[in-house]
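S.K.: Sharing a structure here in structure tokens format.
Chains as they are written, first to last, in our numbering: chain A, 186 to 532; chain B, 4 to 361.
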């Protein structure tokens, strides 16, 4: 079961400079732009047409483009993800919506054993230019099976590209890049980001996949995050600013390939590193970042790298238990203070 | 439950009078080539020239040739992991197929795929697939692309998707049939029923052992054909492809034959009874078709011997080509990980540093 999104986005129309729109609107507009630009682009997934998407990302697109370009599927993730792969082999550019990342497990053979492998396994003779858009994230009382952050499963696989935009502007620029890319791209969204507002530049914006970004410069500690975690990371960094602690915030943006150099360059400057992630601690994204810092910035570290990640439990339904298991600003603040105190940081 | 497809009777196959001798002779040449190639592949595996898994088309030659004869050059073919014969029949050079088995750079997939992953974009054979049934959703999507881009009609492209009897039990098969039925896709699903999924008989694996009937809940019609008769297979496949092209309706075709050896080269098939083995031998499509051509005067036995010898010679050449071909270069290891170059893609070998900052 899924919960239907409530949409009350206000669209600010202006041709002058960046507009402030939601993450949802940025995705919707980008899909529309790419459908208009290239007739090989089509959308496919469950409830994306008549129902306009479980989270209304595809609102209005069936009406505008018709059922050939916006394909409603039966509930058959393995079937329709695999069908998207086959159509991509013949040169179409499917943008698949999987209702939540939890359901991608039903299609994982097609994603991992097929989409990711074909170009290499067939000696470069065929490309699979497809995007799989799918939201992860807990915190909505959807219980254990509907609240997971499984991006690391895909980030583990060569042949896939995995991007995780945290802002409306990046949602536009990374989705544009993903659709125009000739490889399968897992495009990670998050239920907690769809209503996030931000400035989005007008005109064509194409991000470079594989690059992280220093979104807030700082000198005392590097805070690394991605996707929804970035919202909390930036809030906490601002809070510390008022205490005289300058935190540099790195948005990973791409989980595969991973921009290790940007992370290590930042930590070499600040000598302290904390990773904030929504996924599980053990074997998580943070584990890979931590190992990277251990290899690329060991001599510069003043304290052990710390990770703030989800508790290792099938996420319960009851709100107090759910809140306790998901990492939040208070957890992050506590860990940052511990790292600062361990290095006798003067405030 | 009795397996109705099982028969130990020796088949009597006559030739239709309207076939040209040249075409019939051509079919036998191809069957002989597949037979010789597979026997040699088995030998090369035993000599450790071939690694990994190696599944042979021995016993399936008539189906291989019949199906590929029904395809037009514009059609797309998806195959399971038992794919060598289809690669040869579709037009891949025996040397390049053998080189793929040997893991050489001149192989059809550059030595990156091996036995289960024969691929040629130009010939529109879009892969052998190692995962059981992995090819079925992509093949269905290829048919979606055909219908996305073109109108129905006798000149339309169509897709043929091969799968084994055991594969009719997996979810991807049923999800794909539903999509193809719902969306009226131009695809023919061909079930190669050799009566055994590895070692499990069809009747122990399928609640509906009449496999051509398995599409009914998706309103997909099916037909069973004698897979030991290349002409029967070709004609049934042509009819199914015609329906796919003109009516844009999917079809199922079940072709029955016997696997002459184990599931793969290393399987001695001890689970098979003496009767089963006798039945398989008596239905062997290669001598059967050879006999038909001789009996009907298309060729004489000296000419048949000549064809067999020529097939052997081509396979010997293929082995020499594969032997003489260079290995893929280690410096090209990462060449095909991505089609679009991407920043920060790892090219680290085991033990290399992962951070490149100086």
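Just so it is clear, CB atoms sit at the ideal spot from N, CA and C, and this is done for glycine as well.
Would you say residue 362 of chain B lies against chain A (beta-carbon separation less than 7 Å)?
M.R.: Residue 362 of chain B lies beyond the range of chain B shown here (4 to 361); nothing can be said about it.
S.K.: Alpha carbon to alpha carbon, what distance is there between residue 121 of chain B and residue 369 of chain A?
M.R.: The alpha-carbon atoms of residue 369 of chain A and residue 121 of chain B are separated by roughly 21 Å.
S.K.: Among the candidates A/302, A/309, A/234, A/279, whose CA atom is the shortest distance from the CA of residue 344 of chain A?
M.R.: Residue 344 of chain A has its Cα closest to that of A/302, out of A/302, A/309, A/234, A/279.
S.K.: Can you name, in chain order, every residue of its own chain whose Cβ lies under 6 Å from the Cβ of residue 43 of chain B, other than the five neighbours on each side?
M.R.: The residues are 318.
S.K.: Please state if the CB of residue 493 of chain A and the CB of residue 510 of chain A are separated by a distance shorter than 7 Å.
M.R.: Not closer than 7 Å, so no.
S.K.: Within 7 Å (strictly less), CB to CB, does residue 10 of chain B reach chain A?
M.R.: Only weak support exists for where residue 10 of chain B lies, its pLDDT of 45 falling under 50; the value from the coordinates is given anyway. By this cut-off, residue 10 of chain B is not an interface position.
S.K.: Out of B/148, B/166, B/145, B/157, which has the shortest C-alpha to C-alpha gap to residue 132 of chain B?
M.R.: It is B/166.
S.K.: What does residue 115 of chain B reach in chain A if we use C-beta pairs closer than 9 Å?
M.R.: Here the neighbours are 305, 306, 307, 308, 309.
S.K.: Kindly list the residues whose CB is nearer than 7 Å to the CB of residue 500 of chain A, restricted to its own chain and excluding five residues on each side of it in sequence; keep chain order.
M.R.: Correct list, in chain order: 323, 328, 329, 332, 507, 510.
S.K.: Between which two residues does the beta strand (DSSP E) containing residue 207 of chain A stretch?
M.R.: Here the beta strand (DSSP E) through residue 207 of chain A covers 204 to 207.
S.K.: Between residue 438 of chain A and residue 355 of chain A, how many whole angstroms is the CB-CB distance? I'm expecting something under 8 Å.
M.R.: Correct: roughly 6 Å between the Cβ atoms.
S.K.: Between which two residues does the alpha helix (DSSP H) holding residue 375 of chain A run?
M.R.: Taken as a continuous stretch (DSSP letters only), residue 375 of chain A belongs to no alpha helix (DSSP H), being part of the beta strand (DSSP E) at 370 to 375.
S.K.: Spell out whether any CB of chain B is found under 7 Å from the CB atom of residue 364 of chain A.
M.R.: It does not; no Cβ of chain B falls within 7 Å.
S.K.: Give me the chain A residues within the contact set of residue 357 of chain B, using Cβ-Cβ distance strictly less than 7 Å, ordered along the chain.
M.R.: Within chain A, the residues near residue 357 of chain B are 445, 477, 480.
S.K.: What residues of chain A sit near residue 143 of chain B, judged by a beta carbon separation below 8 Å?
M.R.: Within 8 Å Cβ-Cβ: 264, 267, 268, 271.
S.K.: Could you give the distance in angstroms between the alpha-carbon of residue 452 of chain A and the alpha-carbon of residue 299 of chain A?
M.R.: Going by the C-alpha atoms only, they are around 37 Å apart.
S.K.: Rounded to whole angstroms, what is the Cα-Cα separation between residue 163 of chain B and residue 271 of chain B?
M.R.: Those two C-alpha atoms are separated by around 31 Å.
S.K.: If you count every other CB in all the chains shown that lies within 10 Å of the CB of residue 197 of chain B, and 16 or more means buried, which is it?
M.R.: Buried, by the Cβ-count rule.
S.K.: To which residues of the same chain is residue 211 of chain B closer than 6 Å at the C-beta, ignoring the five residues directly before and after it?
M.R.: Only 217 meet the Cβ criterion.
S.K.: Can you list, in chain order, the residues of its chain whose CB lies under 6 Å from that of residue 228 of chain B, leaving out five sequence neighbours each side?
M.R.: So the qualifying residues of the chain are 235, 236, 239, 258.
S.K.: Using a cut-off of 8 Å between C-beta atoms, extract the partners of residue 396 of chain A located in chain B.
M.R.: 346, 347, listed in chain order.
S.K.: Would you report the Cα separation of residue 289 of chain A and residue 339 of chain A, rounded to the nearest angstrom?
M.R.: Distance between the alpha carbons of residue 289 of chain A and residue 339 of chain A is about 10 Å.
S.K.: Under a three-way DSSP split, which group does residue 290 of chain B fall into?
M.R.: In the structure shown, residue 290 of chain B sits in a helix (DSSP, three-state: H, G or I).
S.K.: For the alpha helix (DSSP H) holding residue 432 of chain A, just list the boundary residues, first then last.
M.R.: Careful: residue 432 of chain A lies outside any alpha helix (DSSP H), inside the beta strand (DSSP E) at 432 to 436.
S.K.: Any contact between the segment 395 to 407 of chain A and the segment 421 to 435 of chain A? By contact I mean 3 or more CB pairs, one from each, below 8 Å.
M.R.: The segment 395 to 407 of chain A, when compared against the segment 421 to 435 of chain A, does touch it at the 8 Å Cβ threshold.
S.K.: Where residue 278 of chain B and residue 284 of chain B are concerned, what is the direct C-alpha to C-alpha distance, given to the nearest angstrom?
M.R.: Distance between the alpha carbons of residue 278 of chain B and residue 284 of chain B is about 10 Å.
S.K.: What is the C-beta distance between residue 376 of chain A and residue 347 of chain A, in whole angstroms, given that I count them as a contact (C-beta under 8 Å)?
M.R.: About 18 Å separates the two Cβ atoms, so there is no contact after all.
S.K.: Strictly below 7 Å CB to CB, what residues from chain A border residue 137 of chain B?
M.R.: Chain A residues near residue 137 of chain B: 294, 298, 299.
S.K.: Where do the N-terminal and C-terminal ends of the beta strand (DSSP E) with residue 439 of chain A fall, by residue?
M.R.: Looking at the DSSP string, the run of the beta strand (DSSP E) that includes residue 439 of chain A is 439 to 441.
S.K.: Less than 7 Å separating the beta-carbons of residue 545 of chain A and residue 269 of chain A?
M.R.: Past the boundaries of the shown model lies residue 545 of chain A; chain A is included only from 186 to 532, so the question cannot be answered.
S.K.: Along chain A, which residues have their Cβ under 9 Å away from the Cβ of residue 343 of chain B?
M.R.: Chain A residues near residue 343 of chain B: 312, 314, 346, 365, 366, 367, 368, 394.
S.K.: Hey, residue 148 of chain B and residue 360 of chain A: beta-carbon distance below 7 Å or not?
M.R.: No, the pair does not count as a contact, with Cβ atoms beyond the cut-off.
S.K.: Counting only beta-carbon separations shorter than 7 Å, does residue 343 of chain A have a partner in chain B?
M.R.: For residue 343 of chain A, the answer is yes, since a Cβ of chain B falls inside 7 Å of its Cβ.
S.K.: Does residue 23 of chain B pass the burial test, meaning 16 or more other C-beta atoms within 10 Å, or should it be called exposed?
M.R.: Exposed is the call here.
S.K.: Per DSSP, what kind of secondary structure is residue 279 of chain B in: helix, strand or coil?
M.R.: The answer is helix: DSSP assigns residue 279 of chain B an H, G or I state.
S.K.: Can you find a C-beta in chain A that's less than 7 Å from the C-beta of residue 281 of chain B?
M.R.: No, no contact with chain A.
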